[in-house]
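Following our numbering from start to finish, the sequence shown increments by one per residue and tops out at 240. Glycine residues also receive a C-beta, built at the ideal position from the N, C-alpha and C atoms. If you're wondering where the values come from, they're calculated on a predicted model, not measured in any experiment.
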Amino acid sequence: MNEMNVKLEKIRKSAHVGKIVTSILTIVAIVGCVLCFISGFCILRMGPKFDQVLDEATEAGYVDTSGTNEIGSAKTINIQLIDPENFDSDIPAIQEKLENSPASFVYGIYLLGIGIVMAGAAIMIKVISGTFGLIEKDENPFTDRIIKRVTTVLIVVSALLLLTNGAGLGIVSGVVTWLVYTVMDYGRTLQIQSDETL
Numbered sequence: 043m044n045e046m047n048v049k050l051e052k053i054r055k056s057a058h059v060g061k062i063v064t065s066i067l068t069i070v071a072i073v074g075c076v077l078c079f080i081s082g083f084c085i086l087r088m089g090p091k092f093d094q095v096l097d098e099a100t101e102a103g104y105v106d107t108s109g110t111n112e113i114g115s116a117k118t119i120n121i122q123l124i125d126p127e128n129f130d131s132d133i134p135a136i137q138e139k140l141e142n143s144p145a146s147f148v149y150g151i152y153l154l155g156i157g158i159v160m161a162g163a164a165i166m167i168k169v170i171s172g173t174f175g176l177i178e179k180d181e182n183p184f185t186d187r188i189i190k191r192v193t194t195v196l197i198v199v200s201a202l203l204l205l206t207n208g209a210g211l212g213i214v215s216g217v218v219t220w221l222v223y224t225v226m227d228y229g230r231t232l233q234i235q236s237d238e239t240l
């Protein structure tokens, strides 16, 4: 019985570490979200001035907007930057913005979109952090409540991977979700049998 308590304590310690790491990642995602929203709104408010500064930086060679996924020395990951010249809208206010300050509008909206993604990531990571906290505080990590919570979080992560990174990672994550569920369900069965023999 003492060995079981030692193993349960290891699970609690692992959950505690997971809670700390995910709490830090939540803060990072929130900061990234806020910075993207502030930057996006500032670029939108700059309007033609942003376009002028971008043109000057491009002429001076500081910025390359030729579609190589680079802005200065920064590169985007798997995202093709939009060429403002090829973007049209049926909404008059948006079309006017595209004609007067196309780069400002497109890059501002781009940053706001990234901010929304970061906000979603912060929420998801916070839910994961809460799951670690639940495992850390509970006497037994093999309760129905914890199994449902862990499985739900893994299903959502699998769905997000499927939608954002393609079928390969989504399918692998789905298989891992099923494996974790079956292991936890087996642990619950063993825990019930252990409790009945006491």
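For threonine 185, there is no enclosing alpha helix (DSSP H), as DSSP marks it with neither H nor E. In this structure, the CA atom of tyrosine 152 is about 7 Å from the CA atom of glycine 82. For serine 143, there is no enclosing alpha helix (DSSP H), as DSSP marks it with neither H nor E.
In this structure, the beta-carbon distance from alanine 164 to alanine 71 falls below 8 Å. The C-beta distance from methionine 166 to valine 192 rounds to 14 Å, too long to fall under 8 Å, and the pair is not in contact. Taking tyrosine 149 as the centre and dropping the five residues before and after it, the same chain places the C-beta of Ile85 closer than 7 Å to its C-beta, in chain order. Excluding its 5 nearest sequence neighbours in each direction, alanine 145 has C-beta neighbours in its own chain below 7 Å: Phe92, Asp93, Leu96 and Pro126, listed in chain order. With a beta-carbon spacing of about 5 Å, alanine 161 and cysteine 75 fall inside the 8 Å limit used to define contacts.
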